[in-house]
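Structure first, commentary second.
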Amino acid sequence: MLIDFSPVREGGMKLLAFSKQFTFHDLRLAINAYLDATLDLLADCDDAMLTHEPHDEGAYDPFAAEAEQHIGWNLAHLVLHVTASLEEGAAFCSVLGRGIPLGGRLRYEPDWRAFTTRAQVIARLEECRRICIAYLDTLPEPPHLDVYRELPESIAEHFGKLNAPANMLLGLRHWDDHIAQMQDAKAQAQAALKA
0 MLIDFSPVRE
10 GGMKLLAFSK
20 QFTFHDLRLA
30 INAYLDATLD
40 LLADCDDAML
50 THEPHDEGAY
60 DPFAAEAEQH
70 IGWNLAHLVL
80 HVTASLEEGA
90 AFCSVLGRGI
100 PLGGRLRYEP
110 DWRAFTTRAQ
120 VIARLEECRR
130 ICIAYLDTLP
140 EPPHLDVYRE
150 LPESIAEHFG
160 KLNAPANMLL
170 GLRHWDDHIA
180 QMQDAKAQAQ
190 AALKA
């Protein structure tokens, strides 16, 4: 099940309140749904399509090297980006759900330049599935839902408090935010290869 994040995107609801409608079983289903939807999107992509650099007028990544701040992200890059964020959400979900307050970042994103084949990208997606489901399996019964991620004030103002399920939803929302970008990158790659 892909999640309709419009109540959160439109600013009417914080992730913590939004998370109350989801069980951890629902989150497991959602993880699989996002991974499966992405695998479906990439099903007919070859190496050239996954590494084709799309045009993106709005591209701006302030964390990238200066020469790469304004480049369009290819499909392989997008997969690495969303999987890293989902795994971070899952890691925080595990730690907080076990009653341990924690801040900072728990994020690792592999170098997208090293991912040049379909096999590598598919393996990364399946590795993400394994990691995220494994993090859910670390939760005690019942999990601690009253332990929150320590966030900088500006981030806390935007997202509100983030407990275990809210952190998992943060990773899923981030993935959801990039689906249209993935679809556009694929369409541009298809058009370029036909030209």
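Following numbering that gives the first Met the number 0, the numbering of the sequence shown begins with 0 at its first residue and continues without gaps. Glycine included, each C-beta is placed from N, C-alpha and C at the ideal position.
Assumed close pair residue i, residue j - CB separation to whole angstroms, cut-off 8 angstroms
i	j	result
Leu95	Gly170	Not quite, the Cβ-Cβ distance comes to about 13 angstroms (not below 8 angstroms), so this is no contact.
Thr50	Leu124	Going by Cβ atoms, the distance from Thr50 to Leu124 rounds to 16 angstroms, so no, they are not a contact pair.
Cys92	Lys185	Their Cβ separation, rounded to whole angstroms, is 30 angstroms, which puts Cys92 and Lys185 out of contact at 8 angstroms.
Leu77	Gln182	No, Leu77 and Gln182 are not in contact; Cβ-Cβ is about 10 angstroms, not under 8 angstroms.
Met48	Gln189	7 angstroms
Asp60	Gly71	The pair is not a contact, with the Cβ atoms about 10 angstroms apart (cut-off 8 angstroms).
Status (buried if at least 16 other CB within 10 Å, exposed otherwise) for residue i
i	result
Phe114	buried
Gln187	buried
Thr116	exposed
Ala64	exposed
Asp175	buried
Thr22	exposed
Tyr134	buried
Ile2	buried
Ala163	buried
For residue i: DSSP bridge partner residues
i	result
Glu9	Paired residue(s): none; Glu9 is not in a bridge.
Gly103	Answer is none; Gly103 lacks a bridge partner.
Glu56	Glu56 pairs with nothing; no bridge assigned.
Glu149	Gly102
Separation of residue j from residue i, as counted between CA atoms
i	j	result
Thr137	Ala194	49 angstroms
Glu149	Asp35	31 angstroms
Ala42	Ile132	22 angstroms
Met0	Ile30	8 angstroms
His143	Pro100	10 angstroms
Pro139	Lys19	18 angstroms
Gln180	Ala75	12 angstroms
Ala83	Val120	13 angstroms
Phe62	Pro6	29 angstroms
His69	Gly57	8 angstroms
Gly88	Asp145	16 angstroms
Arg128	Ala122	10 angstroms
Asn73	Gly10	30 angstroms
Glu205	Glu126	This structure cannot speak to residue 205, because the chain is shown only from 0 to 194.
Ala191	Tyr33	26 angstroms
His24	Ile154	27 angstroms
Asp110	Pro151	27 angstroms
Phe17	Ile130	24 angstroms
Pro141	Leu28	19 angstroms
Proximity below 8 angstroms, CB of residue i to CB of residue j
i	j	result
Ala165	Leu14	yes
Phe4	Arg172	yes
Leu105	Ala90	yes
Glu108	Leu79	yes
His157	Val81	no
Leu161	Tyr147	yes
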